[in-house]
Amino acid sequence: MADIFTVASREFSDIVRSKRFIILIIIFGLVMIIPMATIYVQVIHTAPNLPGVPMPGGFLGMMAFMLSSTLSTFAPVMGLALGCDAISGDREKGTLKIILAQPVYRDTVINGKFLAATSAVSLAVLITSLASIGASTIMLE
Amino acid sequence: MTPTAEEALRMTLFLLFSILFTMTYYSIATFLSTILKKTSHSVILSVTMWAIFTFVVPIIASLIAITIAPLTFLPGQQGLEESMRRYTAIVETISSITPNYHFNKIGQYLLSLYAATPAQEETSITSSLMYAGPNILVLVIVTTLLFVVSYITFTRQEVK
Chain A
50 MADIFTVASR EFSDIVRSKR FIILIIIFGL VMIIPMATIY VQVIHTAPNL PGVPMPGGFL
110 GMMAFMLSST LSTFAPVMGL ALGCDAISGD REKGTLKIIL AQPVYRDTVI NGKFLAATSA
170 VSLAVLITSL ASIGASTIML E
Chain B
28 MTPTAEEALR MTLFLLFSIL FTMTYYSIAT FLSTILKKTS HSVILSVTMW AIFTFVVPII
88 ASLIAITIAP LTFLPGQQGL EESMRRYTAI VETISSITPN YHFNKIGQYL LSLYAATPAQ
148 EETSITSSLM YAGPNILVLV IVTTLLFVVS YITFTRQEVK
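Chains A and B supply the protein sequences, listed in that same order. Heads up, the first sequence is in the numbering used here, so the first residue is 50 and it goes up one at a time. Heads up, the second sequence is in the numbering used here, so the first residue is 28 and it goes up one at a time.
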């Protein structure tokens with residue numbers, strides 16, 4: 050069990066320190082904030098003047114508008130970017146042989162990778178979503 | 028604008044399901060990365076799958092639906108509501124092969140996108156979760172299944 054956490058923490062620090070992860074965070078931060086700004090301009094400035102147009106209710110309505118559509122289109126890319134070289138990347142670099150030469154079981158390696166990816170994905174989703182929620186809360190003040 | 032406690036809770040739950048949804052795609056990519064020899068192949072295939080699920084399936088779904096259940100906008104037509112319902116049903120049935128559809132459903136139930144319409148009464152968080160239950164289950168099952176398959180493939184693979 051302790052082995053899993055060793056593998057996972059090595060994997061997690063590899064992911065989080067990689068250029069790819071930082072670029073992903075920056076791009077998704079922008080992708081999440083920019084639609085919010087667009088909606089702010091469109092909804093806040095035009096919709097109240099249109100009679101009979103039901104406005105989405107309150108905080109959640111605004112967020113639901115933006116978050117669910119942006120996340121359902123772009124969150125998969127985050128998962129794909131982290132997962133597409135999970136095993137084959139290590140195989141190509143030759144690090145898989147080195148890892149498996151250590152006294153660890155194979156299932157520990159793949160479980161550790163999954164655990165590390167879960168943490169990294171959670172971190173990425175939370176950072177980008179909180180950034181956009183924060184930005185929109187400020188805009189709506 | 029300050030969210031109420033319930034709104035904050037709904038938001039937190041929604042973010043948790045966003046993580047689940049992202050992990051579904053992570054396991055698709057990991058699965059491809061396990062069965063394919065080269066990273067470049069798994070990148071191409073997984074991006075293709077993302078594009079198909081996100082952009083192609085919804086378009087095909089509405090094309091098929093419009094062919095099977097054409098919408099009629101003639102004035103005084105009685106069956107408009109009925110044909111709308113059939114159209115939506117067909118679109119949803121076809122889209123339900125994608126994880127994106129299930130995530131969107133969870134978002135709709137949890138964030139109550141239609142809360143603004145007066146016809147819909149207030150639903151509690153537990154009943155929102157109950158409505159979204161089948162969709163949550165689909166995402167959990169797909170993620171677990173793909174992980175188990177890549178687990179089995181990886182533990183039996185020959186490493187050269």
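In this text, a Cβ means the ideal position worked out from N, Cα and C, and glycines have one as well.
For residue i, count neighbouring Cβ atoms within 10 angstroms of its own Cβ and tell me buried if that reaches 16, exposed if not.
i, result
"Thr87(A)", "exposed"
"Val174(A)", "buried"
"Ala169(A)", "buried"
"Gly143(A)", "exposed"
"Lys132(B)", "buried"
"Arg37(B)", "buried"
"Val83(B)", "exposed"
"Tyr128(B)", "buried"
"Asp139(A)", "buried"
"Asp134(A)", "buried"
"Val167(B)", "exposed"
"Leu79(A)", "exposed"
"Leu172(B)", "exposed"
"Ser73(B)", "buried"
"Pro126(B)", "buried"
"Ala32(B)", "exposed"
"Leu164(B)", "exposed"
Are the C-beta of residue i and some C-beta of chain A separated by less than 8 Å?
i, result
"Lys54(B)", "As written in the sequence, residue 54(B) is Ser, which differs from the Lys given in the question. Closer than 8 Å: yes."
"Thr182(B)", "yes"
"Thr153(B)", "no"
"Ile46(B)", "yes"
"Val74(B)", "yes"
"Ser123(B)", "no"
"Ala32(B)", "no"
"Phe174(B)", "yes"
"Thr81(B)", "yes"
"Ser89(B)", "no"
"Leu107(B)", "no"
Can you confirm whether residue i, when its beta carbon is compared against all beta carbons of chain B, has any partner nearer than 8 Å?
i, result
"Gly101(A)", "Reliability of the predicted coordinates at Gly101(A) is poor, the pLDDT of 46 falling under 50, and the value obtained from them is presented with this limitation in mind. Cβ-Cβ to chain B under 8 Å: no for Gly101(A)."
"Asp63(A)", "no"
"Ala124(A)", "yes"
"Arg155(A)", "yes"
"Val56(A)", "no"
"Gly161(A)", "no"
"Ser67(A)", "no"
"Gly128(A)", "yes"
Please list, in chain order, the chain A residues whose beta carbon lies closer than 8 Å to that of residue i.
i, result
"Tyr158(B)", "Ordered by position in chain A, no residue passes the 8 Å Cβ test against Tyr158(B), which lies about 15 Å from the chain."
"Ser69(B)", "Cys133, Asp134 and Ser137"
Interface residues of chain B around residue i at Cβ under 9 Å?
i, result
"Met167(A)", "With the sequence shown as reference, residue 167(A) is identified as Thr, and Met is not the correct amino acid for it. Residues of chain B passing the Cβ test: Ile46, Met50 and Tyr53."
"Ala85(A)", "A small fix is needed here, since residue 85(A) is Met in this sequence, not Ala. Chain B residues near Met85(A): none, gap ~12 Å exceeds 9 Å."
Would you mind telling me which residues of chain B sit closer than 7 Å to residue i, beta carbon to beta carbon, in chain order?
i, result
"Val80(A)", "In chain order: nothing, as chain B lies at least about 14 Å away."
In chain order, what residues of the same chain have a beta carbon less than 6 Å from the beta carbon of residue i, not counting five sequence neighbours either side?
i, result
"Phe174(B)", "Ser54"
"Ile82(A)", "Ser181 and Ala184"
"Ile79(B)", "none"
"Ser123(B)", "none"
Ordered along the chain, which non-local residues of its own chain (more than five positions away) have a Cβ less than 7 Å from that of residue i?
i, result
"Ile91(B)", "Ile117 and Ile121"
"Leu164(A)", "Ile53 and Ala57"
"Phe61(A)", "Ala165, Ser168 and Ala169"
What does residue i reach in chain B if we use C-beta pairs closer than 8 Å?
i, result
"Ile74(A)", "Within chain B, no residue comes near Ile74(A); the closest Cβ sits about 13 Å away, beyond 8 Å."
"Glu141(A)", "Lys65 and Thr66"
"Ser121(A)", "Phe48, Thr81, Asn127, Phe130, Asn131 and Gly134"
"Ser178(A)", "Leu42 and Ser45"
Considering only residues of the same chain and omitting the five flanking positions on each side of residue i, which have a CB-CB separation below 8 Å?
i, result
"Asp52(A)", "Val153, Tyr154, Thr157 and Gly161"
"Ile74(A)", "Ala173, Ile176 and Thr177"
List the residues of chain A that residue i touches, going by C-beta distances under 7 Å, in chain order.
i, result
"Asn162(B)", "Result: empty, since nearest Cβ-Cβ is about 12 Å, beyond 7 Å."
Quick one: which chain A residues come within Cβ less than 9 Å of residue i?
i, result
"Thr61(B)", "Ala135, Ile136, Ser137 and Ile159"
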